[in-house]
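Adding 2 to a residue's 1-based position in the sequence shown gives its number in this note's numbering.
Ideal placement from N, C-alpha and C gives every residue a C-beta, glycine not left out.
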Amino acid sequence: MVHYYIGLDLGQAQDYTALALLEEALWLGDQVDWDSWGVYWPEDVPRTGDWVSPSALSPHSALRALYVNYHLGRPPTHHCTCATWSATNSAPSTQRLLRA
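What follows is the structure, given as structure tokens:
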């Protein structure tokens, strides 16, 4: 199970090269007793029952939350943050994507 996906488009000789890094958010809904699954929330992460970045949790808790998401389910759509880099622009541009 992974939290991040990376893609590289080398393009043709006259095209730009593009790199995309996608983070799969975790659903931490209030319907699940996360403590019994071994998912411990840091003090700064609100318990609102929403999508959370895996980087907000410890590696162990993020892996357990992803396991619960895959096996018990989660809402059908969520937001995904995509950072892209272009060969002509060294600064990343971040976009919010709606995953259908």
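On the three-state DSSP scale, how would you describe residue i?
i	result
alanine 64	helix
tryptophan 29	strand
isoleucine 8	strand
leucine 59	coil
aspartate 46	coil
aspartate 37	helix
tyrosine 18	coil
What do you reckon, are the CB atoms on residue i and residue j nearer than 9 Å?
i	j	result
proline 30	arginine 49	The amino acid occupying residue 30 in the given sequence is leucine; proline does not appear at that position. Result yes, Cβ atoms of leucine 30 and arginine 49 sit closer than 9 Å.
aspartate 2	glycine 51	There is simply no residue 2 to check, as the chain begins at 3 and stops at 102 in what is shown.
alanine 64	histidine 5	yes
leucine 10	leucine 24	no
Residues bridged to residue i by DSSP?
i	result
valine 54	Leu28
Just checking my contact of residue i with residue j at CB under 8 Å: how many whole Å lie between their CB atoms?
i	j	result
leucine 12	alanine 67	Incorrect: roughly 34 Å between the Cβ atoms, too far for contact.
valine 70	tryptophan 39	5 Å
valine 41	valine 47	So it is not a contact: roughly 11 Å between Cβ atoms.
Kindly say whether residue i, judged by its beta-carbon, lies nearer than 9 Å to any beta-carbon of chain B.
i	result
glutamine 33	Absent from the structure is chain B; it holds one protein chain and no more.
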